[in-house]
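Residue numbers (my numbering): 676 to 1067.
First comes the structure, then the notes that go with it.
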Ligand code: AMP
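Rendered as structure tokens:
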């Protein structure tokens, strides 16, 4: 069911509470990557241009219901003001009477930012009183925080029960891109799934197997798939649960599941450990599989070049270490090179791989939500999305 969009609403003179995801990475109190703030700008600009009084709110870090000085949104507010080229009032709070006092002084087109929502214990508890308090600040609620939509918190779910609740532009694009990559494709589709453990990704694999034609497997979970096929998984600890999960996918799958024909192994889980390439059938029992091998990289690139839709979640190896990053880089380049395909990348570490190669512009959509996109690809209903009003 699609959700009502803020695009279709007259917001002139209305106070609009916008939940965004400004949980930006920082180093020593300085924002090291402001992409999340930039990603929310189109919605904030749309509201300002429409004559709304804009009250922005976000979580930041994990203060666990207490005021933690280093987790104040001061630097975020300053950056938002810079990017919008306007003042952003400090609405303080997030609870208490100050927010409503500040909000009552806003004029059309003006912007205020509430203090870190997670300073208030009621936020993560999805507390009814705190939800009502947030709703009391505004006439309309907009959720543009796709990255937090997998959480049922007061600002992502509870508040929506008390106000007309719409999807922001970023939220809308995330749902459209992730959704259409799964449901809307008419041509050949491939899902590339990697990451550290099969246990983390089995639900994604099982769900994608019902939606796509081919699944390319990489990352630490390769060991479990090899063991499931009676081969050596090397020195990695593969539990019975992992092998069962791999077997479940191999037997249940409507999709063609492709495993790497060769892998890169190392004797230790260490950046400088000696990397060697071996065939799938020859993984040494004392070797850890840390990347897909060169033949697999080529084969995966060939398959990727033929499809119309690519969904990618999870790197092919320990991409943080140059000796084990080649498989992930090769896949990233292949995805970027297929100009006819719609390519959608789940956030988190896969987005980092693509970002490190400066290929973001050549991908149709790089999700801003790691955990949220993962849950979406698992087929779960995200509470922050479910809470929004349905499109008529
Ligand atoms: P995820 O967040 O699930 O996409 O997993 C990303 C993490 O998986 C990265 O930090 C990678 O270093 C790690 N990873 C990928 N391949 C392997 C592997 N073969 N062995 C151990 N960790 C891996």
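In this text, a Cβ means the ideal position worked out from N, Cα and C, and glycines have one as well.
Nearest to residue 815 by C-alpha distance, out of 822, 841, 1043, 1023, is 841. Distances from the alpha-carbon of residue 992 to those of 1048, 907, 884, 938 put 938 closest. With respect to the 8 Å criterion, residue 700 and residue 707 are classified as neighbours on the basis of their beta carbons. Residue 995 and residue 1003 have their C-alpha atoms spaced approximately 10 Å apart.
Residue 882 sits in a helix when the DSSP states are folded into three classes. From the listed residues 882, 726, 746, the smallest Cα separation to residue 782 is found for 726. Ranked by Cα distance from residue 955, the first of 812, 930, 898, 1009 is 898.
Taking 8 Å as the cut-off, the Cβ atoms of residue 691 and residue 729 count as close. Per the C-alpha coordinates, the member of 1022, 1029, 1038, 1035 positioned closest to residue 1050 is 1022. The DSSP-derived three-state label of residue 830 is coil. Inter-residue distance for residue 894 and residue 711 is about 27 Å (C-alpha atoms, whole angstroms). Listed as beta-bridge partners of residue 702 by DSSP are 705. Note: residue 996 is not bridge-paired with any residue in the DSSP secondary-structure output.
Exclusion of residue 917 from the 7 Å shell around the ligand AMP follows from its C-beta lying no nearer than that to any non-hydrogen atom of the ligand. Residue 761 sits in coil when the DSSP states are folded into three classes, being neither helix nor strand. DSSP places residue 803 in no beta strand (DSSP E) but in the uninterrupted alpha helix (DSSP H) bounded by 803–811.
In the three-state DSSP reduction, residue 777 falls in the helix class (H, G or I).
A Cβ-Cβ separation of about 14 Å leaves residue 892 out of contact with residue 918 under the 8 Å criterion.
By the criterion of a C-beta distance shorter than 8 Å, residue 931 is surrounded in its chain by 888, 889, 890, once the five residues flanking it on both sides are discounted. Residue environment: residue 705 is assigned as exposed (fewer than 16 neighbouring CB atoms within 10 Å of its CB, all protein chains considered). Excluding the 5 residues flanking it on each side, residue 1060 has same chain C-beta neighbours closer than 6 Å at 824, in chain order. Boundaries of the beta strand (DSSP E) harbouring residue 985: 984–988, taken from the DSSP string. The beta carbons of residue 723 and residue 784 sit about 5 Å from each other, so the pair counts as a contact at 8 Å.
Here residue 906 is actually not in contact with residue 876; their C-beta atoms are around 20 Å apart, not less than 8 Å.
With a minimum length of 4 residues, the unbroken runs of alpha helix (DSSP H) contained wholly in the stretch 877–931 fall at 897–903, 915–927.
Sorting 1013, 987, 754, 1043 by C-alpha distance to the C-alpha of residue 870 places 987 at the top.
Excluding sequence positions up to five before and after residue 1053, its CB lies within less than 6 Å of the CB of 878, 879, 882, all in the same chain and listed in chain order. Counting only the Cα atoms, residue 759 lies some 23 Å from residue 1035. For residue 723, the three-state secondary structure derived from DSSP is helix. Following the DSSP letters along the chain, one finds residue 973 inside the alpha helix (DSSP H) bounded by residues 969–981.
The beta-carbon separation of residue 1042 and residue 850, rounded to 10 Å, does not stay under the 8 Å limit for a contact. It is roughly 41 Å from the alpha-carbon of residue 713 to the alpha-carbon of residue 936. The beta carbon of residue 838 is closer than 8 Å to those of 692, 810, 813, 814, 815, 816 in its chain, skipping five residues each way along the sequence.
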